[in-house]
Amino acid sequence: MKTMNQIGMTMAAVAALTLGACSTPQGPMSTSSSQSNYYGMGTVQSVELVKQDTRNGIGLGTVAGAVIGGVVGNQVGEGTGRTAATVLGAAGGAYAGNRIENRDDQANDAYKITVRMDNGEYRSFVQVSDNGLRTGDRARVENGIVQRY
């Protein structure tokens, strides 16, 4: 009986981590990793106000929900029924915890700045401030941040 409980709790933890990994995390106000260390000069083609989603996939709410759900589910039934209840409790708790954790997160304002680089390629950067940039301005990109030149 003790082995079944250990298996159930292990399965609950796996279910919680699997559910948490289903969402796509996005870092707040960041450029893509390939552009974060980019340097160059160019001309601003556009400056757009966009919403930046700061919610992430797995956090304390997901983990706490999975643990609480697994404990509550473990109190139900016997044998394989208890194991199933533990797994379902953990999965449901992880989902509920994640939803509660992310319900207050709002999309933040950010600026998508598209620059025609001097080598002819177009690159877009998302950052917290527009740094006073306007279409047609000469710009310098350092570490993925666009600034007036």
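Numbering (our numbering), first residue to last: 2 to 150. For every residue, glycine included, the Cβ atom is placed at its ideal position computed from N, Cα and C.
In summary, asparagine 75 is buried, with 16 or more beta-carbon neighbours lying within 10 Å of its beta-carbon over all protein chains present. In the three-state DSSP reduction, leucine 50 falls in the strand class (E or B).
Rounded to whole angstroms, asparagine 38 and valine 127 show a C-alpha spacing of 14 angstroms. Contact between the region 86-95 and the region 109-119 is absent, with fewer than three C-beta pairs closer than 8 angstroms.
When the alpha-carbon of glycine 78 is set against those of Val72, Gly71, Ala86, the nearest one is in Ala86. In the DSSP annotation of this structure, the continuous segment of the alpha helix (DSSP H) that includes asparagine 75 starts and ends at 61-75. The beta carbon of serine 47 lies closer than 7 angstroms to those of Thr115, Thr136 in the same chain, with the five residues before and after it left out.
Arginine 83 and valine 68 have their C-alpha atoms some 15 angstroms from each other.
When DSSP reads this structure, serine 125 sits in a beta bridge with Thr115. According to the DSSP assignment, arginine 141 belongs to the beta strand (DSSP E) that extends over 139-143. The beta-carbon separation of valine 147 and alanine 140, rounded to 5 angstroms, stays under the 8 angstroms limit for a contact. For arginine 135, no beta strand (DSSP E) encloses it, and the DSSP letter there is neither H nor E. 9 angstroms or more divides the Cβ of glutamate 122 from the Cβ of tyrosine 40.
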